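Numbering (our numbering), first residue to last: 1079 to 1557.
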């Protein structure tokens, strides 16, 4: 402990017992390990029960016996995976101290987390390993950036998350328009392309069959020549009895005017290379209005749900909650993204007379700039790692990149090691949500591990812990 009075090199070992560092609340390694394991089992069981039941509920079908058995098996298997990580980590930390007689900057947390993850990830289902690897890679990327930032090795880039999102989405949209996201023998595609299809529409996907310029031309010609009331001037008043009601008449007239305006917009010019039906103007406006309405609905719903207690206690608070300016940020992002992507593609097709997949790249970059209205580092990094994963898989499918067995598992273990290292050495640089997760699964033990002995490396680990506890409103008490 004398080493804590003066700083030493980060490559120098520190001589502290696992009782003082790992489990100061217990003198027995086995008792401490078993207590942590039991706590992690309960936490994992609660979490995965909720996750699996919600996932099952979204399928919208009644479960049969086999579904129930598979769900229970999945919950138990995932619980064994996550609790196994906690058990293995605490066991390996103590074991390495007994083998080497000291701790160094790697054995203090990184290696124990890496080794325990190697065994635990093999317990989890193979189809969930990629998702887990992407998640920890996302959090680890942000953590490493914060570590570099705290050392003044890098500086924050204004709108950096917007740039990451724009580049990643542009590349994914290029794959989408090129048809590279589809495998030759499998109709299934990555779920991210389903989200993109919903955002920008199905017409920009390669070989979308439910459209042709001939059909669109016929519709437009029939629509203009049709003597039906939809394209002919209509009387402003109705002879029906309901027209006597002035409010009813006003609503009907407004709807008629709206319908006629929409029909006029639909019949505007559409370039022959455009794959969408109706006019380019209508195509763009449709994307903007649909996504804007969706974003506004989601934001308002979330605001109401999160403020139910406040609204019931004071109904007058409803108006300021609904009229907040930031309520339209998500709507502006979604509507702007869809509208700018569609409009840019239509302009490029008109300028060149061609419909090329590469057009999705500049269109995606321009559309991605709307992310500044609703920036989120987690979303930007997730999309970046998803783009990297899909690009790598496409390279393997086309024999451009080598297949590396176990790479997904290695990526998960390596990034988990980084996160556990940061949680012990400099927890203030860890994403708050991940610190809360570690605090919950360990029953607060992650905060009770001694950081004073680690201060010998000059990284102010104890100060960083106090800052993390303050920022996340957690406490260093066993639960």
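Every residue gets a Cβ at the ideal spot worked out from N, C-alpha and C, and that includes glycine. Computed from a prediction, not measured in an experiment: that's the story for all the values here.
Apart from the five residues just before and just after residue i, which ones in its own chain have a Cβ nearer than 6 Å to its Cβ?
{"i": "residue 1410", "result": "1451"}
{"i": "residue 1093", "result": "1180"}
{"i": "residue 1160", "result": "1122"}
{"i": "residue 1419", "result": "1278, 1441, 1445"}
{"i": "residue 1153", "result": "1126, 1127, 1130"}
{"i": "residue 1193", "result": "1170"}
{"i": "residue 1417", "result": "1362, 1365, 1366"}
{"i": "residue 1509", "result": "1217, 1220"}
Measuring CB to CB, does residue i end up less than 8 Å from residue j?
{"i": "residue 1360", "j": "residue 1343", "result": "yes"}
{"i": "residue 1225", "j": "residue 1504", "result": "yes"}
{"i": "residue 1157", "j": "residue 1126", "result": "yes"}
{"i": "residue 1185", "j": "residue 1497", "result": "no"}
{"i": "residue 1243", "j": "residue 1449", "result": "yes"}
{"i": "residue 1520", "j": "residue 1164", "result": "yes"}
{"i": "residue 1190", "j": "residue 1213", "result": "no"}
{"i": "residue 1438", "j": "residue 1254", "result": "yes"}
{"i": "residue 1248", "j": "residue 1443", "result": "yes"}
{"i": "residue 1162", "j": "residue 1198", "result": "yes"}
{"i": "residue 1091", "j": "residue 1182", "result": "yes"}
{"i": "residue 1486", "j": "residue 1211", "result": "yes"}
{"i": "residue 1208", "j": "residue 1377", "result": "no"}
{"i": "residue 1489", "j": "residue 1527", "result": "no"}
{"i": "residue 1432", "j": "residue 1351", "result": "yes"}
{"i": "residue 1148", "j": "residue 1201", "result": "no"}
{"i": "residue 1435", "j": "residue 1136", "result": "no"}
{"i": "residue 1204", "j": "residue 1494", "result": "no"}
{"i": "residue 1413", "j": "residue 1375", "result": "no"}
Apply the 10 Å Cβ neighbour rule to residue i and answer buried if 16 or more other Cβ atoms are within range, or exposed otherwise.
{"i": "residue 1548", "result": "exposed"}
{"i": "residue 1109", "result": "exposed"}
{"i": "residue 1188", "result": "buried"}
{"i": "residue 1366", "result": "buried"}
{"i": "residue 1484", "result": "exposed"}
{"i": "residue 1031", "result": "An answer regarding residue 1031 cannot be provided, because it is not within the stretch 1079 to 1557 covered by the chain."}
{"i": "residue 1257", "result": "exposed"}
{"i": "residue 1346", "result": "exposed"}
{"i": "residue 1370", "result": "buried"}
{"i": "residue 1507", "result": "buried"}
{"i": "residue 1099", "result": "buried"}
{"i": "residue 1335", "result": "exposed"}
{"i": "residue 1170", "result": "buried"}
Mapping the DSSP letters down to three states, classify residue i as helix, strand or coil.
{"i": "residue 1181", "result": "strand"}
{"i": "residue 1043", "result": "What the structure shows of the chain is the stretch from 1079 to 1557, and residue 1043 is not part of that stretch, so it cannot be assessed."}
{"i": "residue 1550", "result": "helix"}
{"i": "residue 1092", "result": "strand"}
{"i": "residue 1566", "result": "In the structure as shown, the chain starts at 1079 and stops at 1557, and residue 1566 therefore has no counterpart that could be examined."}
{"i": "residue 1365", "result": "helix"}
{"i": "residue 1404", "result": "helix"}
{"i": "residue 1187", "result": "coil"}
{"i": "residue 1294", "result": "Residue placement at residue 1294 is poorly supported in this model, since its pLDDT is 46, which falls under 50; the coordinates still yield a value, given next. In the structure shown, residue 1294 sits in a helix (DSSP, three-state: H, G or I)."}
{"i": "residue 1279", "result": "coil"}
{"i": "residue 1356", "result": "coil"}
{"i": "residue 1327", "result": "helix"}
{"i": "residue 1230", "result": "coil"}
{"i": "residue 1527", "result": "coil"}
{"i": "residue 1345", "result": "coil"}
{"i": "residue 1533", "result": "helix"}
{"i": "residue 1492", "result": "helix"}
{"i": "residue 1333", "result": "helix"}
{"i": "residue 1217", "result": "helix"}
{"i": "residue 1208", "result": "helix"}
{"i": "residue 1475", "result": "helix"}
{"i": "residue 1200", "result": "coil"}
{"i": "residue 1538", "result": "coil"}
{"i": "residue 1272", "result": "helix"}
Near residue i, what residues of its chain come up, given a Cβ to Cβ distance below 8 Å and the 5 sequence neighbours on each side ignored?
{"i": "residue 1095", "result": "1175"}
{"i": "residue 1234", "result": "1227"}
{"i": "residue 1458", "result": "1239, 1240, 1242, 1243, 1246, 1449"}
{"i": "residue 1389", "result": "1382, 1395, 1396, 1399"}
{"i": "residue 1427", "result": "1349, 1351, 1352, 1433, 1437"}
Within its chain, find whatever has a CB closer than 7 Å to the CB of residue i; leave out the 5 residues flanking it on each side and keep chain order.
{"i": "residue 1097", "result": "1105"}
{"i": "residue 1481", "result": "1474"}
{"i": "residue 1267", "result": "1259, 1260"}
{"i": "residue 1453", "result": "1239, 1240"}
{"i": "residue 1554", "result": "1522, 1525, 1526, 1547"}
{"i": "residue 1562", "result": "Because the chain spans 1079 through 1557 in this model, residue 1562 falls outside it and cannot be assessed."}
{"i": "residue 1270", "result": "1250, 1464"}
Could you tell me which uninterrupted alpha helix (DSSP H) segments, each at least 4 residues in length, are contained entirely in the stretch 1420-1460, listed from first to last along the chain?
Taking only runs of at least 4 residues, the alpha helix (DSSP H) segments lying wholly in the stretch 1420-1460 are 1438-1446.
For a minimum of 4 consecutive residues, which ranges assigned as the alpha helix (DSSP H) are wholly contained in the stretch 1497-1523?
Segments of the alpha helix (DSSP H) lying fully in the stretch 1497-1523: 1510-1519.
Residue ranges of each alpha helix (DSSP H) run of no fewer than 4 residues wholly in the stretch 1091-1167, ordered along the chain?
Qualifying alpha helix (DSSP H) stretches, in chain order: 1096-1099, 1107-1135.
Going along the chain, which unbroken runs of the alpha helix (DSSP H) with 4 or more residues stay wholly within the stretch 1373-1401?
The stretch 1373-1401 contains these whole alpha helix (DSSP H) runs: 1386-1391, 1396-1400.
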